[in-house]
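Peer 1: Quick one: the structure is below, and I'll ask about it shortly.
Residue numbers (the numbering used here): 8 to 333.
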């Protein structure tokens, strides 16, 4: 009996790691699909509207499934306002800034900058929430941002001054999602992870529709067929499905291991950018990426002691929705 239980536990552990790794890789494919859609003449406003509108029925399908498994308490008006604000910061504004930035930089640099989100959470916690940071975490911060600078130099050599604008837009996207991560902690405990994701995503879809109606009311109806297919893949394969995989993985192996599996994200993005978009891979990029991933590994490794010492725990998850499901 004990041997069978150990075998089952080992199997759940392996499946959890595989799900976390696959979820991270699928999330990374978002940048590839957006870049391809730009090649067919789409703009950021149209792409984010199509993505959220196509993902919305899938999100509510998840909610329907969850609602039949457990009883959910009603939300107060204050909860609804908070969720709407979180949806604006974490799903609409963050995604929009990310899509804008992808117009000017490589997918490799985009993914690496987004991977710095936990460091932004750490800095906000230090300067705004007055939480302490260990010496090891300061070292990790320095190494991580040094890595981004190294990769940025590579991008700037090929795209010029626009690389700075692109990097700043993506960094602003990471900041927006970091604020969402901090604000969502309490709401996850109050309303549940699945309900928070569904409601926040619905708020984002609503704001995306308002934006596209102001920008160009006919834009979502006159795109090339390739853009609709790419948006459908983005909504399903690179948004909803990896969210489910990450959620299941967290339930099986816990957030710290899922966060470590997220290290596959920057690597897979770099490889997919090379294979699909013909973006070059250089030793400078690999060196900078190694610095960033090493810094994030230090933060994850330092996570458990921080929880024991009362410091701010860091979970380096992807800024495309994996954290709310933890």
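Virtual Cβ for every residue (Gly too), placed ideally from N, Cα, C.
Can you list, in chain order, the residues of its chain whose CB lies under 7 Å from that of residue 227, leaving out five sequence neighbours each side?
Peer 2: Excluding residues within five positions, the ones whose Cβ falls inside 7 Å are 53, 56, 57, 219.
Peer 1: Measure from the alpha carbon of residue 86 to the alpha carbon of each residue in 116, 165, 300, 195, then state which is nearest.
Peer 2: Measuring from the Cα of residue 86, the nearest candidate turns out to be 195.
Peer 1: Roughly how many angstroms lie between the CA atoms of residue 273 and residue 245, to the nearest whole one?
Peer 2: Rounded to the nearest angstrom, the two C-alpha atoms are 15 Å apart.
Peer 1: Between residue 32 and residue 271, is the Cβ-Cβ spacing less than 8 Å?
Peer 2: Yes.
Peer 1: Would you kindly work out how many angstroms separate the C-alpha atoms of residue 262 and residue 256, rounded to a whole number?
Peer 2: Distance between the alpha carbons of residue 262 and residue 256 is about 8 Å.
Peer 1: Can you tell me whether DSSP reads residue 52 as helix, strand or coil?
Peer 2: In this structure, residue 52 counts as helix in the three-state DSSP scheme.
Peer 1: Quick check: the Cα distance between residue 77 and residue 27, rounded to an integer number of angstroms?
Peer 2: Going from the Cα of residue 77 to the Cα of residue 27 covers about 24 Å.
Peer 1: So, helix, strand or coil for residue 223, using DSSP?
Peer 2: Three-state DSSP puts residue 223 in coil, outside helix and strand.
Peer 1: With a cut-off of 8 Å, do at least 3 Cβ pairs link the segment 115 to 126 to the segment 173 to 191?
Peer 2: Segments in contact, yes.
Peer 1: Nearest to residue 198 by CA position, among 150, 283, 82, 48, is which residue?
Peer 2: Closest option to residue 198, Cα to Cα, is 82.
Peer 1: Mapping DSSP to helix, strand and coil, what is residue 254?
Peer 2: Of the three classes helix, strand and coil, the one that applies to residue 254 here is helix, per DSSP.
Peer 1: What is the rounded straight-line gap between the Cα of residue 280 and the Cα of residue 112?
Peer 2: Roughly 12 Å between the two C-alpha positions.
Peer 1: Would you decide whether residue 170 is buried or exposed? Buried here means 16 or more other CB atoms lie within 10 Å of its CB.
Peer 2: Per the 10 Å Cβ criterion, buried.
Peer 1: Whole angstroms is fine: what's the gap from residue 155's alpha carbon to residue 292's?
Peer 2: The straight-line gap from Cα to Cα measures roughly 9 Å.
Peer 1: On a Cα-Cα basis, can you pick out the residue from 237, 236, 235, 265 that is closest to residue 249?
Peer 2: That would be 265, whose Cα lies nearest to the Cα of residue 249.
Peer 1: Determine whether the beta carbon atoms of residue 283 and residue 39 lie at a separation below 8 Å.
Peer 2: Their beta carbons are under 8 Å apart, which means residue 283 touches residue 39 by this criterion.
Peer 1: Indicate the three-state DSSP secondary structure (helix, strand or coil) for residue 104 in the structure shown.
Peer 2: Here residue 104 sits in helix by DSSP.
Peer 1: Here's a check: name, in chain order, each residue in its chain whose Cβ is nearer than 6 Å to the Cβ of residue 2, leaving out the five neighbours to either side.
Peer 2: Absent from the structure is residue 2, since the part of the chain shown begins at 8 and ends at 333.
Peer 1: In whole angstroms, give me the CA-to-CA distance for residue 230 and residue 49.
Peer 2: Residue 230 and residue 49: Cα-Cα distance of roughly 7 Å.
Peer 1: Which runs of the alpha helix (DSSP H), 4 residues or longer, sit entirely within the segment 44 to 88?
Peer 2: Correct list: 51 to 74.
Peer 1: Would you kindly work out how many angstroms separate the C-alpha atoms of residue 102 and residue 67, rounded to a whole number?
Peer 2: So the two alpha carbons sit approximately 20 Å from each other.
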